[in-house]
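See below for the structure under consideration.
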Amino acid sequence: MTPKNLREESKSVFRLPYKTHELASSIAEVSSLKVQVYLLDMIAELSRDKHSASAFDAVLKKVAGLVVGIACSGVNGLRQAGLNALRGLACVDPDLICILLADVYYSLKKKRRDMPLPPSPEFPEISMVLPSQREDSPRRFLYDEYGRSYGFELEFSSVEIIFKTMQSLVFVDQNAL
Numbered sequence: 700m701t702p703k704n705l706r707e708e709s710k711s712v713f714r715l716p717y718k719t720h721e722l723a724s725s726i727a728e729v730s731s732l733k734v735q736v737y738l739l740d741m742i743a744e745l746s747r748d749k750h751s752a753s754a755f756d757a758v759l760k761k762v763a764g765l766v767v768g769i770a771c772s773g774v775n776g777l778r779q780a781g782l783n784a785l786r787g788l789a790c791v792d793p794d795l796i797c798i799l800l801a802d803v804y805y806s807l808k809k810k811r812r813d814m815p816l817p818p819s820p821e822f823p824e825i826s827m828v829l830p831s832q833r834e835d836s837p838r839r840f841l842y843d844e845y846g847r848s849y850g851f852e853l854e855f856s857s858v859e860i861i862f863k864t865m866q867s868l869v870f871v872d873q874n875a876l
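Here my numbering = 1-based position in the sequence shown + 699.
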């Protein structure tokens, strides 16, 4: 292959295998993902900055709900950016992020019958702490209540990765304080 052919090949648009749309639609989809990654990165940076974090006060629940939905969606291109945004938002309100993630994780895990027991008898079971979910409601999870779902389907493997990563990187650190 000549250098010219390599350059032309590298300029070709990456097409997702499950999409059969025109070239313009493929470019729009890739561009949309890039914009979402940039926005998630911006949320992470703003929320980690103590001077600008207060800007999230009015919209924190909505933003957190959206970010949880995106991070747990299974869209691999957004997972790392979603995780970074969640880590940033946890700097503003770690309890909110923990509850939103735990709600999704343990609600989905409940179907697998392997819920963890509380660390000691004086603590309630996780199902007693989290709100009961309604199967018939389109808003089954807290993140739906706050951020609404914008077309991202939850994928349990992504939920598990995000929850366990946040638990080890952020929530454990909060307990050490």
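Backbone N, C-alpha and C fix where the C-beta goes; we use that ideal spot for every residue, glycine too.
These numbers were taken from a predicted model, which means no experiment stands behind them.
Do you know whose CA, among the options, lies nearest residue i's CA?
i, options, result
"ALA789", "VAL774, VAL767, SER857, SER772", "VAL767"
"GLN779", "PHE870, GLU852, LYS733", "LYS733"
"SER856", "LEU738, ASP794, ILE769, GLY773", "GLY773"
"LEU868", "GLU852, PRO793, LYS808, ALA752", "PRO793"
"SER730", "ALA763, SER753, LEU777, ALA743", "LEU777"
"LEU738", "VAL762, SER751, ASP748", "VAL762"
"LEU853", "THR864, PHE870, LEU807", "LEU807"
Tell me the rounded alpha-carbon separation between residue i and residue j.
i, j, result
"MET700", "VAL736", "Unreliable positioning characterises MET700 in this predicted model, as indicated by a pLDDT of 46, which lies under 50. The coordinate reading is nonetheless provided below. Using only the alpha carbons, I get a separation of about 33 Å."
"SER746", "TYR805", "26 Å"
"CYS771", "ILE861", "7 Å"
"LEU759", "GLU859", "23 Å"
"LYS749", "ALA743", "12 Å"
"GLY764", "LEU799", "7 Å"
"MET741", "ALA784", "8 Å"
"ALA801", "MET865", "10 Å"
"SER751", "LYS863", "28 Å"
"ALA757", "ASN775", "29 Å"
"ARG786", "SER753", "16 Å"
Report the CB separation of residue i from residue j in whole angstroms; it is logged as a contact under 8 Å.
i, j, result
"VAL791", "PHE755", "6 Å"
"ASP769", "GLY781", "Note that residue 769 is Ile in the sequence shown, not Asp. About 5 Å separates the two Cβ atoms, so the contact holds."
Using only the heavy atoms of the ligand MG, determine whether one of them is closer than 7 Å to the beta carbon of residue i.
i, result
"SER772", "The ligand MG is not among the ligands present in this structure, which contains no ligands whatsoever."
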